[in-house]
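Student: Line by line, the protein sequences are chains A and B. Numbered per the numbering used here, the first sequence spans residues 14 to 246. Numbered per the numbering used here, the second sequence spans residues 14 to 246. This is the structure, below, for whatever I ask next.
There are 2 protein chains.
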Amino acid sequence: MTTANINNWKAVEAEVLSRIHSRQWEPGQLIPNESDLALEFGCARATVNRALRSVAESGLLDRKRKAGTRVATNPVRKATLSIPVIREEIESRNQTYSYAVFSSKIEEPPLHIRANMRLNSSERLLHHQSVHIADGKPYVISDRWINLEAVPDIAHVDFSRVSANEWLVANAPFTNGDIAFSATIANDSIAERLGIKGGEALFAIDRTTWNNDTAITAVSLVFHPGYQMRTVV
Amino acid sequence: MTTANINNWKAVEAEVLSRIHSRQWEPGQLIPNESDLALEFGCARATVNRALRSVAESGLLDRKRKAGTRVATNPVRKATLSIPVIREEIESRNQTYSYAVFSSKIEEPPLHIRANMRLNSSERLLHHQSVHIADGKPYVISDRWINLEAVPDIAHVDFSRVSANEWLVANAPFTNGDIAFSATIANDSIAERLGIKGGEALFAIDRTTWNNDTAITAVSLVFHPGYQMRTVV
DNA sequence: AGTCTTAATATGTACAGACATATACATATT
DNA sequence: AATATGTATATGTCTGTACATATTAAGACT
């Protein structure tokens, strides 16, 4: 059976998704191989391959060489969330952005930071604390440690003009990073810097970025009460 | 100048990433076009295309027809986080998984749920409250509303045998969904169901899934204290 | 100067054919 | 019975060519 021309990979993808959603192909079921589908759709195998790879990336198909392609039984949906550049996030809401530094000095880091950044004891770290402000109200506070060995240039940056984050993304490209999302309670120092009462539940992001095996920076972001991070699957 | 053989797309990708990280190609800079790179690397243009598309997907390159490919100035890093199937998350830590239902009955939903699911007033909703347990300790509580019009079969499911979530992922495939991550404070009812004291900050996920324009289910997950959701970029 | 048309160009995609590679399954060996 | 080896197969990828499409830039025409 040769279906009407499905001769581009987006069309193949749509057809495949439709068959999965309509349960014509049920969860766990082995679907026809690429060559057969190419024949059925009247297109090249490469086109089917492109489409199936795309669907597999989204988690709806499991593919294995020789074993074939089957519909995922419990599709692990992958949400891609773009890590916000705070200023852009605020400006995209048509709010005015500003930024203030609480302190910025070279300090001995606490143990958990040193462990997290996998440092030996020799590195000098810049401890940088600041707040991003939307329409005059504290939006998120940032508590950052920067490895001066990894980015010596940062010692001469004027942080009244550009935020540490933006300087770093522009000047210290990283190869990889890890992120943890969590909830934290507003203690006195957090509450004061966010201009709120203590005891509230706050959304927090902890991120460490690396240049290969060298830690560049570890930052802890604590958002204002009620903040939600949203995305789609 | 023809570099030594870089004749597969992973190698091209690695070379491109290396040039970006080493700042041989600086942020904002226009990189050579696909044909030139293919010539330089000694491979086909399609191979370069595959690699550049991959790098662009990760956010490090901006590509535009005719305009060419340039290094992203502020790379919006995309973190892909796989939405956890709770049972698997627990079992992957070698903890024993169990599951208990607090209540499961057809109810009139509160307004914000109805709005969120974009329902008119006629639909009947199943309100399902449960807890997922790891090694005997409450791991996450789930407060779920299910649109019976969208999945009538669920009325006959025995939730003592399979969790609502797992039944739904297996039997009610969705086309899209939206997710919000936030922090919430443990009120009395949450604290009781999680077996903790009130007042703690808890990580929460709110997810609504759709079959095209029909809402299938809206679920609110509230995790045990200290829970972190982790990923990499 | 301003607007429309046209050509040039870089990426996007399709195709057929080929080879590479992982691996399930069958068969042979210990 | 357990282990090693071989083979068939489905996906993974590369190549070279071709055409599609978006978009910039130049040129023609008000």
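Glycine is no exception: its CB is placed at the ideal position from the N, C-alpha and C atoms. What you are looking at is a predicted structure, and each value in this text was computed from that prediction instead of being measured.
In chain B, what lies closer than 9 Å to His-141/A by C-beta?
Tutor: Looking up residue 141/A in the first sequence gives position 128. What His-141/A touches in chain B: nothing, since even the nearest Cβ is about 19 Å away.
Student: Tell me which residues of the stretch 179–198 of chain B have at least one Cβ-Cβ distance to chain A shorter than 9 Å, keeping chain order.
Tutor: Legend: CB atoms of the stretch 179–198 of chain B lying less than 9 Å from CB atoms of chain A belong to residues Glu-179, Val-182, Ala-183, Asn-184, Pro-186, Phe-187, Thr-188, Asn-189, Gly-190, Asp-191, Ile-192, Ala-193, Phe-194, Ser-195, Ala-196, Thr-197, Ile-198.
Student: I need the straight-line Cα distance from Phe-115/B to Glu-39/B, nearest angstrom please.
Tutor: By 1-based counting over the second sequence, the position of residue 115/B is 102. By 1-based counting over the second sequence, the position of residue 39/B is 26. If you take the alpha carbons of Phe-115/B and Glu-39/B, they lie about 57 Å apart.
Student: Can you give me the C-alpha to C-alpha distance between Thr-227/B and Arg-137/B, rounded to a whole angstrom?
Tutor: Here residue 227/B refers to the residue found at position 214 of the second sequence. Here residue 137/B refers to the residue found at position 124 of the second sequence. Straight-line Cα distance between these residues: approximately 13 Å.
Student: Drop a sphere of 10 angstroms on the beta-carbon of Thr-109/B, count the other beta-carbons inside from all chains shown, and report buried for 16 or more, exposed for fewer.
Tutor: Numbered from its first residue, the second sequence carries residue 109/B at position 96. With fewer than 16 other Cβ atoms within 10 Å, it is exposed.
Student: Rounded to whole angstroms, what's the CA-CA distance from Ser-67/A to Leu-73/A? Just pull it up for me.
Tutor: Position 54 of the first sequence, counted from the start, is the residue given in the question as residue 67/A. Position 60 of the first sequence, counted from the start, is the residue given in the question as residue 73/A. So the two alpha carbons sit approximately 9 Å from each other.
Student: Per DSSP, which one or two residues make a beta bridge with Met-130/B?
Tutor: For the purposes of this step, residue 130/B is taken as residue 117 along the second sequence, with counting starting at 1. Looking at the DSSP assignment, Met-130/B forms no beta bridge with any residue, so it has no partner.
Student: Nearest chain B C-beta to Glu-213/A closer than 8 Å, yes or no?
Tutor: In the first sequence, the residue the question calls residue 213/A occupies position 200. So yes, Glu-213/A belongs to the interface.
Student: Could you check whether the Cβ of Gln-241/B sits closer than 8 Å to any Cβ belonging to chain A?
Tutor: For this step, residue 241/B is matched to residue 228 along the second sequence. Chain A, which has a Cβ nearer than 8 Å to the Cβ of Gln-241/B, makes this yes.
Student: With 8 Å set as the bound, which would you pick, yes or no: does the beta-carbon of Thr-244/B sit closer than that to a beta-carbon of chain A?
Tutor: As a working mapping, residue 244/B is identified with position 231 in the second sequence. Yes, because at least one Cβ of chain A sits closer than 8 Å to the Cβ of Thr-244/B.
Student: Rounded to the nearest angstrom, what separates Asp-201/A and Gly-212/A at their Cα positions?
Tutor: The residue labelled residue 201/A in the question sits at position 188 within the first sequence. The residue labelled residue 212/A in the question sits at position 199 within the first sequence. Distance between the alpha carbons of Asp-201/A and Gly-212/A: 8 Å.
Student: Between the C-alpha atoms of Trp-223/A and Asn-160/A, what's the straight-line distance to the nearest angstrom?
Tutor: Taking the first sequence and counting its residues from 1, one reaches residue 223/A at position 210. Taking the first sequence and counting its residues from 1, one reaches residue 160/A at position 147. So the two alpha carbons sit approximately 10 Å from each other.
Student: Assign Met-14/A to one of three DSSP states: helix, strand, or coil.
Tutor: Position 1 of the first sequence, counted from the first residue, corresponds to residue 14/A. The pLDDT assigned to Met-14/A is 48, lower than 50, so where the model puts this residue is not dependable; a value taken from the coordinates is nonetheless given after this. In the structure shown, Met-14/A sits in coil (DSSP, three-state: anything other than H, G, I, E or B).
Student: Taking the Cβ atom as the reference point for each residue, do Ser-98/A and Val-84/B lie within a distance shorter than 8 Å?
Tutor: Locating residue 98/A in the first sequence gives position 85, where the first residue counts as 1. Locating residue 84/B in the second sequence gives position 71, where the first residue counts as 1. It is Val, not Ser, that sits at residue 98/A in the sequence shown. Not closer than 8 Å, so no.
Student: Flag Lys-118/A as yes if its beta-carbon sits less than 8 Å from any beta-carbon of chain B, otherwise no.
Tutor: Residue mapping note: residue 118/A aligns to position 105 of the first sequence, counting from 1. Judged by the 8 Å Cβ criterion, Lys-118/A is not in contact with chain B.
Student: Comparing the C-beta of Asn-87/A with each C-beta of chain B, is any distance below 8 Å?
Tutor: Against the first sequence, residue 87/A aligns to sequence position 74. Closer than 8 Å: yes.
Student: Assuming the contact rule is C-beta atoms closer than 8 Å, Ala-183/A and Val-164/A should be a hit. Round their C-beta distance to whole Å, please.
Tutor: Within the first sequence, numbered from 1, the residue matching residue 183/A stands at position 170. Within the first sequence, numbered from 1, the residue matching residue 164/A stands at position 151. With 8 Å as the limit, Ala-183/A and Val-164/A do not qualify as a contact, their Cβ atoms being about 11 Å apart.
Student: Helix, strand or coil for Val-232/A, going by three-state DSSP, please let me know.
Tutor: Counted from its first residue, the first sequence places residue 232/A at position 219. The answer is strand: DSSP assigns Val-232/A an E or B state.
Student: For the stretch 228–241 of chain B against the stretch 190–201 of chain A, are there 3 or more C-beta pairs whose distance is under 8 Å?
Tutor: yes
Student: When burial is assigned at 16 or more other CB atoms within 10 Å of the CB, is His-125/B buried or exposed?
Tutor: Taking the first residue of the second sequence as position 1, residue 125/B is located at position 112. The residue in question, His-125/B, is exposed, as its Cβ has fewer than 16 Cβ neighbours within 10 Å.
Student: Contact defined as beta carbons within less than 8 Å: I believe Thr-230/A pairs with Trp-180/A. What is the distance between those atoms, to the nearest angstrom?
Tutor: The sequence position of residue 230/A within the first sequence is 217, counting from 1. The sequence position of residue 180/A within the first sequence is 167, counting from 1. Rounded, the Cβ-Cβ distance is 10 Å, inconsistent with contact.
Student: List the residues of chain B that Pro-40/A touches, going by C-beta distances under 7 Å, in chain order.
Tutor: As a working mapping, residue 40/A is identified with position 27 in the first sequence. In chain order: Ala-183.
Student: On the criterion of 16 or more Cβ atoms from any shown chain inside 10 Å, does Thr-86/B qualify as buried, or is it exposed?
Tutor: Taking the second sequence and counting its residues from 1, one reaches residue 86/B at position 73. Thr-86/B comes out exposed.
Student: Between the alpha carbons of Ser-176/B and Ser-134/B, how many angstroms are there, rounded?
Tutor: Position 163 of the second sequence holds residue 176/B. Position 121 of the second sequence holds residue 134/B. Roughly 27 Å between the two C-alpha positions.
Student: If you scan the stretch 99–166 of chain A from start to end, which runs of the alpha helix (DSSP H) of 4 or more residues do you find wholly inside it?
Tutor: 99–104, 124–129
Student: Taking the alpha helix (DSSP H) that Asn-62/A falls in, what are its first and last residues?
Tutor: Working through the first sequence from its first residue, we reach residue 62/A at position 49. That run of the alpha helix (DSSP H) goes 58–70.
Student: So which residues of chain A does Ile-33/B contact, with C-beta pairs closer than 8 Å?
Tutor: Indexing the second sequence from 1 puts residue 33/B at position 20. Neighbours of Ile-33/B on chain A, chain order: Pro-186.
Student: Report back the beta-carbon spacing between Gly-244/A and Ala-128/A to the nearest angstrom; my notes put them in contact at under 8 Å.
Tutor: Residue numbering aside, residue 244/A sits at position 231 when the first sequence is read from its first letter. Residue numbering aside, residue 128/A sits at position 115 when the first sequence is read from its first letter. First, the amino acid is wrong: residue 244/A is Thr here, not Gly. Actually they are not in contact, since the Cβ atoms of Thr-244/A and Ala-128/A sit about 30 Å apart, beyond 8 Å.
Student: Is it buried or exposed, Lys-23/B, if we count other Cβ atoms within 10 angstroms and call 16 or more buried?
Tutor: Taking the second sequence and counting its residues from 1, one reaches residue 23/B at position 10. That one is exposed.
Student: DSSP three-state label for Arg-206/A, please.
Tutor: Walking along the first sequence from the start, residue 206/A turns up at place 193. DSSP places Arg-206/A in helix when its eight states are reduced to three.
Student: Give me whichever residues DSSP pairs with Ser-95/A in a beta bridge.
Tutor: Reading the first sequence from its first residue, position 82 is the one you call residue 95/A. DSSP output for Ser-95/A lists Lys-91/B as bridge partner(s).
Student: Would you identify the three-state DSSP class for Ile-19/A, choosing helix, strand or coil?
Tutor: In the first sequence, the residue the question calls residue 19/A occupies position 6. Of the three classes helix, strand and coil, the one that applies to Ile-19/A here is coil, per DSSP.
Student: Using a Cβ-Cβ cut-off of 6 Å (strictly less than) and excluding sequence neighbours within five positions of Ile-19/B, which residues of its own chain qualify?
Tutor: The residue you call residue 19/B lines up with position 6 of the second sequence. Cβ within range, chain order: Val-25, Glu-28, Phe-54.
Student: Look up Gly-190/A in the DSSP assignment and give the residues it is bridged to.
Tutor: Position 177 of the first sequence holds residue 190/A. Looking at the DSSP assignment, Gly-190/A forms a beta bridge with Thr-222/A.
Student: How close, in whole Å, do the beta carbons of Ser-117/A and Ile-146/A come, if the pair is a contact with beta carbons under 8 Å?
Tutor: As a first step, residue 117/A is located in the first sequence; it is residue number 104 there, counting from the start. As a first step, residue 146/A is located in the first sequence; it is residue number 133 there, counting from the start. No, Ser-117/A and Ile-146/A are not in contact; Cβ-Cβ is about 17 Å, not under 8 Å.
Student: Tell me whether Asp-171/B sits in a helix, a strand or coil according to DSSP, three-state version.
Tutor: As a first step, residue 171/B must be located in the second sequence, where it is residue number 158. Residue state, collapsed to three classes: coil.
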